[in-house]
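Beneath this line is the structure, given in structure tokens, with notes to follow.
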Amino acid sequence: MLRKLKRTTRRQPLERLLTARARRALDLAAHEAAAQGHDQVTGDHLLAGLMRLDEGVAVLTLNSLGAVPAPGINADLGRLTELARQEAAELGHRYVGTEHLLLGLLRENEAAVPGVGLQQARAQVIRVLRGDGL
1 MLRKLKRTTR RQPLERLLTA RARRALDLAA HEAAAQGHDQ VTGDHLLAGL
51 MRLDEGVAVL TLNSLGAVPA PGINADLGRL TELARQEAAE LGHRYVGTEH
101 LLLGLLRENE AAVPGVGLQQ ARAQVIRVLR GDGL
């Protein structure tokens, strides 16, 4: 069953998988890139977009870990959203939310959030989703 779910999540168009909050984070990232005069949205812009939300699983996860994101993530958005989709599939989720975008960032570059590794963040995301990680 999990194998089928992983295939389904990976085959669906990203637009159909994104939650409203994840879409908002991507929109904020695009605005951040434009405001800085950049043609391409990068991980730095995505991280800024996530943090500007002030809510969602990604923000709750970072806050509960006492983590402060660091700039310097130059990976392009296409790569990061694909990693986010993979994170969603591996967690058995049929959607891509802010938590998956955060995990995709960390999968690409664990230095994105100093002192927080991918495994630690993934475990905290699961706790937050269960309601016991706050």
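Just so you know, we're using the UniProt record's numbering here: the sequence shown kicks off at 1 and counts up by one.
Just so it is clear, CB atoms sit at the ideal spot from N, CA and C, and this is done for glycine as well.
{"Item": "Nearest-angstrom Cα separation, counted from I126 out to E82", "Value": "20 Å"}
{"Item": "Extent of the continuous alpha helix (DSSP H) to which A111 belongs", "Value": "Careful: A111 lies outside any alpha helix (DSSP H) and carries neither H nor E."}
{"Item": "Environment of V116 [buried if 16+ CB atoms lie within 10 Å]", "Value": "buried"}
{"Item": "Cβ pair L46, L106 closer than 9 Å", "Value": "no"}
{"Item": "Neighbourhood of L129 by C-beta, 8 Å cutoff - its chain only, sequence neighbours within 5 removed", "Value": "V57 and E99"}
{"Item": "Nonlocal neighbours in the same chain, by C-beta distance under 7 Å from R122, ignoring five residues either side", "Value": "L103"}
{"Item": "Cβ separation of A30 and V41, assumed to be a contact under 8 Å, to the nearest whole Å", "Value": "5 Å"}
{"Item": "Paired residues, beta bridge with T42 - DSSP", "Value": "D76"}
{"Item": "Whole-Å CB distance - A88 paired with L17, under 8 Å assumed", "Value": "7 Å"}
{"Item": "Whole-angstrom distance between L80 and L91, CA atom to CA atom", "Value": "16 Å"}
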